[in-house]
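One structure is given below, encoded as structure tokens.
Protein chains: 2
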Amino acid sequence: MDFTPLFHNFAKHITLTKTEEKYITSLLDFKIIKAKEFLVQQGEISKQSAFVLNGCLRGYTIDSEGTEHVLSFAPKDWWIADMYSLLSQKPGNLNIEAMVDTEVALISKTNQDLMYEKVPKLERFFRIIIEKSLVAYQQRLNDNLSLTATERYMKFCKTYPQLINNIPQKQIAAYIGVTPEFLSKLRAKQVKAK
Amino acid sequence: MDFTPLFHNFAKHITLTKTEEKYITSLLDFKIIKAKEFLVQQGEISKQSAFVLNGCLRGYTIDSEGTEHVLSFAPKDWWIADMYSLLSQKPGNLNIEAMVDTEVALISKTNQDLMYEKVPKLERFFRIIIEKSLVAYQQRLNDNLSLTATERYMKFCKTYPQLINNIPQKQIAAYIGVTPEFLSKLRAKQVKAK
DNA sequence: ATCATTTCTTAATCTAGGTTAAGTATTTTC
DNA sequence: GAAAATACTTAACCTAGATTAAGAAATGAT
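Here is the structure:
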């Protein structure tokens, strides 16, 4: 139940007093999510955001054919939530699942709104991290519109070198938007090319 | 040079005093961008965000093959910027072009930072609109991963009914991620189906 | 009004990536 | 540590959407 990684994360963009840190801590929950268990499942109304203290989560949807699409991986020090459901308070279509046993700090929507009132600096913090997240999604959308599968895979390898050998390939396929079979074919070709 | 649509936009999420409105007005620029002229071009370092008072802008990239990809349309009352370049202060790869003669309110990055200091409520305002924008991009990425071209076209028609008959089809194609020829084929099929 | 430019359509042909299926690792579980 | 489940590979075949090309329609400029 050690929230220091979270406060390090805050410190990247804002400075909090000890009192503020204590206050924020009082509004947090701590949770261990076992591998393959869910933080959020589609159809639910999301009540909280998560910060990964260690381990790794992934957020994915399942389409009408039953195919999974990974919208985000959240390794240590990343934030993840079903923003759509959290903001609209309608049932979401995101599943957030632990890839390994994962420790998270949770902030309920209610407490987050409280925090914004009591510690307005946090508005800035979340504005900044959401801005960065927005840029990343714009970039990724653009990649999906303009790059080939091979190029997207190479980019993934560059962007997430720590994940590449630690997660199942089929989940990388579900992130870059190809079938596992096709990714396998791509990789075989790349190996041969060397 | 009438900024009232902008203050209506602010009023959706925060309440400003007359004094604050005057202060903010002093930090804004007004500009008319003629049809086919640019607010921002790839390679430039973005210095400002734009709010569309009337008219319509579009943000697009050009890939290595010379193909355009539309990342966003910004009709009246929308915000648009090359967030990547604005935040990183590196050369961007977005082009923001007027589709018709367009009036915009501009906020320079410097003035926006000033505004945040003087009127902290604006942190909340921008946090909220960026959150919404993030949800929209996540949704769109998911659509690109999970829907067919036909489904994406139908969704576009639902989402932007006001644009559908007012912008060139090739730009809708560049938004949903197909060639103009293929979109034309899709539409011919839909008409026949009726 | 006329010519030039841009947009849209149609159709033939092509290809990146999907599907199906079967076999081979690799993990997980008890 | 064996059986079961999951992940990965390979290969033949298939299809949604791309490419190329040429003509028709609409829009804009003079």
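Chains as they are written, first to last, in our numbering: chain Y, 9 to 202; chain D, 9 to 202. Idealized CB from N, CA, C, for every residue including glycine.
- Given a length threshold of 4 residues, each whole run of the alpha helix (DSSP H) inside the region 142-201 of chain D is given here in chain order: 157-167, 169-172, 177-184 and 188-200.
- Under the three-state reduction of DSSP, Y/F11 is assigned to coil, being neither helix nor strand.
- Taking the beta carbon of Y/L79 as reference, the chain D residues within 9 Å of it are Q146, L149, N150 and L153, listed in sequence order.
- Proximity of D/F164 to chain Y, defined by a Cβ-Cβ separation below 8 Å, is not satisfied.
- Inclusion of D/S154 and Y/H77 in the CB contact set at 8 Å is warranted, their separation being smaller than that value.
- Around Y/A82, the same chain offers V60, L65 and I88 as residues with beta carbons nearer than 6 Å, after the five sequence neighbours per side are excluded.
- The DSSP-derived three-state label of D/Q56 is strand.
- With a contact defined as Cβ atoms closer than 8 Å, D/E29 and D/F15 qualify at about 6 Å.
- Of all C-beta pairs linking the region 17-35 of chain Y to the region 110-129 of chain Y, three or more are shorter than 8 Å, placing the two stretches in contact.
- The beta-carbon distance between Y/K117 and Y/Q56, rounded to whole angstroms, is 7 Å. This is short enough to meet the 8 Å contact definition.
- Taking a beta-carbon distance threshold of 8 Å, Y/Y31 does not count as an interface residue toward chain D.
- In the structure shown, Y/L36 adopts extended strand secondary structure according to DSSP, grouped into three states.
- Its Cα nearest to that of D/K42, the residue D/M107 stands out among D/M107, D/I115, D/V143 and D/M123.
- Under the 8 Å criterion on CB atoms, D/R132 is classed as interfacial with respect to chain Y.
- Under DSSP, Y/V48 takes part in a beta bridge, and its partners are Y/I104.
- Within the region 76-109 of chain D, the residues whose Cβ lies closer than 7 Å to any Cβ of chain Y are, in chain order, H77, L79, M91, Y92 and L95.
- At a cut-off of 8 Å between C-beta atoms, Y/L142 counts as an interface residue with respect to chain D.
- Listed along the chain, the chain D residues whose CB falls inside 8 Å of the CB of Y/G185 are N152 and L153.
- Under the three-state reduction of DSSP output, Y/L114 falls in the strand class.
- Taking a beta-carbon distance threshold of 8 Å, Y/T156 does not count as an interface residue toward chain D.
- Per the coordinates, the alpha-carbon of D/T33 lies some 51 Å from the alpha-carbon of Y/E45.
- In this structure, the CA atom of Y/F190 is about 12 Å from the CA atom of Y/Q198.
- For Y/R135, the residues of chain D that pass the 7 Å Cβ criterion are E131, F134, R135 and I138, in the order they occur in the chain.
- Looking at the backbone, the Cα of Y/N174 and that of D/K178 are separated by about 42 Å.
- Straight-line measurement puts the Cα of D/E52 at about 43 Å from the Cα of Y/E52.
- In the DSSP assignment, Y/S93 falls within the unbroken alpha helix (DSSP H) covering M91 to S96.
- One thing to note: Y/L94 has its Cβ within 8 Å of the Cβ of Y/S54.
- In the displayed model, D/E73 falls within coil according to three-state DSSP, outside both helix and strand.
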